[in-house]
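As C-alpha cells, the structure follows; a few thoughts come after it.
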Amino acid sequence: MHGMVNIAVRAARKAGEIMIRHLNRLESLEVTEKNRNEYVTEIDRMAEDVIVEVIKDHYPEHAILGEERGQQGEHEFQWIIDPLDGTTNFIHGFPVFSVSIAVMHNDQLEHGVVYDPLRQEIFSASRGQGAQLDGRKIRASRRPSMQHSLIATGFPYRANKQYLDQYLEMLRAIISVSAGIRRPGSAALDLCYVAAGRVDGFWEIGLNIWDIAAGALIIKEAGGRISDFHGGDGYLQSGNVVAGNPKIYAALSKLLAPHTKDL
Ligand code: IPD
Ligand code: CA
Ligand code: CA
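Its first residue numbered 4, the sequence shown is counted upward by one per residue in our numbering.
Here is the structure:
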C-alpha cells in the first residue's frame, strides 16, 4: 500500500471513531432540530480537523481542500476531503455515511480512500494499481443489461432543487427499465458500491469535488466507467456524474441523454 494511502486510511479511521462516538450520544440527545444540526456540523468539523492533523503530521507542505475548512495551502499534491459524506443520514441515525479522502498530483487523481465507519469497510485505490475493499481486489459488476441492474442515485436537494423536474424525468426513464433504484445518501459510498459490483450504475446532478474524487478513482481502478453526462471527464468540476460497469455506464448515459442537454 502506498504511504499516502496508509495515511489516508489512518486519518479516515480516526474521523470514523469520532462519528461513532457521537452517533451514540446523538440518539439520546434531547435538543431542537436547529441545535441538532449545529451539533452535527460540529462533528463534521471535528472529523475534518482530525484528518487534516494526520495529513499535516506526515505531509506538512501538501495542499488540502476540505468541505468544512476550504482550501489550505498550494502544492502539487492536493488532498481532497469530505469528512462526513451523508450528513442527513447521520443526523437521523440512518446508518449510511462515510469519510472520503483523495490525493491529486498536478490535477491527476493518484489515490482514493473511502471509509464506512459502521461496517468498518475501507475502499481504496491508487492510480494503475487496481481497487481494493479491505485489501482484497474489487471489480465492477459484469451485469450486461439494464433490466437486471440495480442503480444507485442521489436526489437533487438544497442548492440543486432547481433540477428537480429534470431529475424526475431521468428517474422515470431509469425506473421503468431497471431492476431497482436505491438512494443510499452518501455519494462517495455509492461510487464505491459501483466499484465493488454492489450496484451496477449510478448517476447524480450537482455533486461537489469532495463527494466524487476518491470514488471516481476507485471506480476506474475497478474497471468501471465514470464521466459527466456528455462522456467527458469534467465531472470533478461540474459535479454531474454517470458511472457504472462499462455496459451499464453506456446504457445509462444513453437513457439519460435526452434529459441532460443543458447540464
Ligand atoms: C451529500 C451526500 C448525498 C448527495 C448530496 C451530497 P453531504 O453529501 O453525498 O448522497 O446526494 O448531493 O451533498 O452533504 O452529506 O456531505
Ligand atoms: Ca458530501
Ligand atoms: Ca460532508
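Note that CB positions come from ideal geometry on N, CA and C, so glycine has one too.
Look at residue 126: its beta carbon is at least 8 Å from all of the heavy atoms in ligand 1. The three-state reading of DSSP puts residue 86 in strand, counting E and B together. For the region 233 to 264, the full-length alpha helix (DSSP H) segments reaching 4 residues or more read 238 to 241 and 249 to 259 along the chain. Note: residue 160 is not bridge-paired with any residue in the DSSP secondary-structure output.
Under DSSP, the beta-bridge partners assigned to residue 204 are 154 and 247. When C-alpha distances from residue 71 are compared across 104, 36, 84 and 215, the shortest belongs to 84.
In the structure shown, residue 60 falls within a helical segment according to DSSP collapsed to helix, strand and coil.
For residue 234, the shortest separation between its Cβ and any heavy atom of ligand 2 does not lie below 8 Å. Chain-ordered, the residues whose CB falls short of 5 Å from any heavy atom of ligand 2 come out as 85, 88 and 214. In this structure, residue 154 lies away from residue 125, with their beta-carbon atoms at least 9 Å apart. Under DSSP, residue 68 shares a beta bridge with 74 and 83.
Three or more Cβ pairs closer than 8 Å define a contact, and the region 12 to 20 meets that threshold against the region 91 to 107.
Under the criterion of beta carbons closer than 8 Å, residue 261 and residue 208 do not qualify as touching, at roughly 15 Å. Boundaries of the alpha helix (DSSP H) harbouring residue 217: 212 to 224, taken from the DSSP string. When the alpha-carbon of residue 245 is set against those of 173, 201 and 199, the nearest one is in 173. With 16 or more other Cβ atoms from the protein chains shown falling within 10 Å of its own Cβ, residue 146 counts as buried. For residue 234 and residue 206, the gap between their C-alpha atoms comes out near 13 Å. The residues 124 and 125, in chain order, have a CB closer than 8 Å to that of residue 137 in the same chain once the five nearest residues on each side in sequence are set aside. By the criterion of a C-beta distance shorter than 7 Å, residue 187 is surrounded in its chain by 99, 155 and 193, once the five residues flanking it on both sides are discounted. Measuring C-alpha to C-alpha distances from residue 129 to each of 148, 119, 107 and 149 identifies 107 as the nearest. DSSP lists 127 and 140 as the beta-bridge partner residues of residue 135. Taking residue 90 as the centre and dropping the five residues before and after it, the same chain places the C-beta of 43 and 47 closer than 7 Å to its C-beta, in chain order.
Sorting 179, 248, 149 and 151 by C-alpha distance to the C-alpha of residue 196 places 248 at the top. For residue 189, the CB falls within less than 8 Å of some heavy atom of ligand 1. Between residue 228 and residue 221, the C-beta spacing is not below 9 Å.
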